[in-house]
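The structure appears below as structure tokens.
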Amino acid sequence: EDFAEPLDGPTFEWARDLAEHYNAYVVCGLAERAGTQLYNSAIVVAPSGNRIGSARKIHLATHDREWATPGDRWAIVEIEQTRSGDGEGKPDESEATESVRLGVLIGSDTDVAESGAIMALKRADVVAVPASWHGEIAGDGKIAINPEINPHADGRNAMVLWDEMAWGGQYFAVVANMAESTRSPGG
236 EDFAEPLDGP TFEWARDLAE HYNAYVVCGL AERAGTQLYN SAIVVAPSGN
286 RIGSARKIHL ATHDREWATP GDRWAIVEIE QTRSGDGEGK PDESEATESV
336 RLGVLIGSDT DVAESGAIMA LKRADVVAVP ASWHGEIAGD GKIAINPEIN
386 PHADGRNAMV LWDEMAWGGQ YFAVVANMAE STRSPGG
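Residue 236 is where the sequence shown starts when you use this note's numbering, and the numbers rise one by one after that.
Right, dumping it as structure tokens:
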């Protein structure tokens, strides 16, 4: 419990600084404390430094169940941007507003096919998947191939479940696993 924080805590401050510095959207995971409840959560931070969305993991992995409460809603964030020019790098007088629907799934949310289907039904253009996978995907850097789960996977070009979900749902998936940690999930 000592690792959990509110959505506007130190992790948000770090993500805000990163988003402002790189003028980019940042999606990152954190252990959220909301009152007496703990959640495996993610935040979405805009280039302005504002938190524009958050998600709580719905499909908890075994180690998450030791500390986290499941989320109860699917997260979709509408991102509107105004761009100038003709879209091909040539300046002109026109401006256009583009909208992107960003969905957020957390780690093992991708283990359940309904998650990808719901992102597609909610018309996500991009789905971000912050994760902290240990061993089965991250440990030695190898992905176990299971043709029953994904018949398209092979040893040279391993596609995994989130790729299959994105392909079927016709959205882009951006998946980021943790880089390194001295703590295991849940503690």
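Cβ atoms here follow ideal geometry from the backbone N, Cα and C, with glycine treated the same way.
Would you mind working out which of the options sits nearest residue i, comparing C-alpha positions?
| i | options | result |
| --- | --- | --- |
| proline 282 | Ala259, Ser334, Glu330, Arg358 | Ala259 |
| glutamate 248 | Leu356, Arg286, Trp368 | Arg286 |
| tryptophan 368 | Ala254, Leu295, Thr271 | Leu295 |
| methionine 413 | His298, Ile293, Gly351, Gly342 | Gly342 |
| threonine 332 | Val339, Ala348, Glu313 | Glu313 |
| isoleucine 353 | Ala239, Pro365, Met400 | Met400 |
| threonine 297 | Tyr257, Asp344, Trp402 | Asp344 |
Going by beta-carbon coordinates alone, are residue i and residue j separated by less than 7 Å?
| i | j | result |
| --- | --- | --- |
| alanine 277 | alanine 266 | no |
| valine 262 | alanine 363 | yes |
| alanine 254 | valine 279 | no |
In whole angstroms, what is the alpha-carbon distance linking residue i and residue j?
| i | j | result |
| --- | --- | --- |
| alanine 269 | arginine 251 | 20 Å |
| threonine 317 | glutamate 301 | 44 Å |
| valine 242 | lysine 292 | For the record, residue 242 in the displayed sequence is leucine; it is not valine. Between leucine 242 and lysine 292, the C-alpha separation is close to 14 Å. |
| glutamate 315 | valine 410 | 22 Å |
| glycine 306 | tryptophan 402 | 25 Å |
| glycine 244 | glutamate 330 | 36 Å |
| histidine 256 | glycine 288 | 19 Å |
Under the three-state reduction of DSSP, which class applies to residue i: helix, strand or coil?
| i | result |
| --- | --- |
| proline 365 | strand |
| serine 283 | coil |
| glycine 264 | strand |
| arginine 308 | coil |
| leucine 273 | strand |
| alanine 250 | helix |
Throw me the rounded Cβ distance for the residue i and residue j pair, which I believe falls under 8 Å.
| i | j | result |
| --- | --- | --- |
| leucine 273 | threonine 304 | 6 Å |
| glycine 338 | alanine 310 | 7 Å |
| aspartate 346 | tyrosine 406 | At roughly 18 Å, the Cβ-Cβ gap does not stay under 8 Å, so aspartate 346 and tyrosine 406 are not in contact. |
| glycine 404 | alanine 355 | 3 Å |
| proline 365 | glycine 284 | Not quite, the Cβ-Cβ distance comes to about 19 Å (not below 8 Å), so this is no contact. |
| arginine 336 | arginine 358 | 5 Å |
| asparagine 275 | aspartate 237 | Their Cβ separation, rounded to whole angstroms, is 16 Å, which puts asparagine 275 and aspartate 237 out of contact at 8 Å. |
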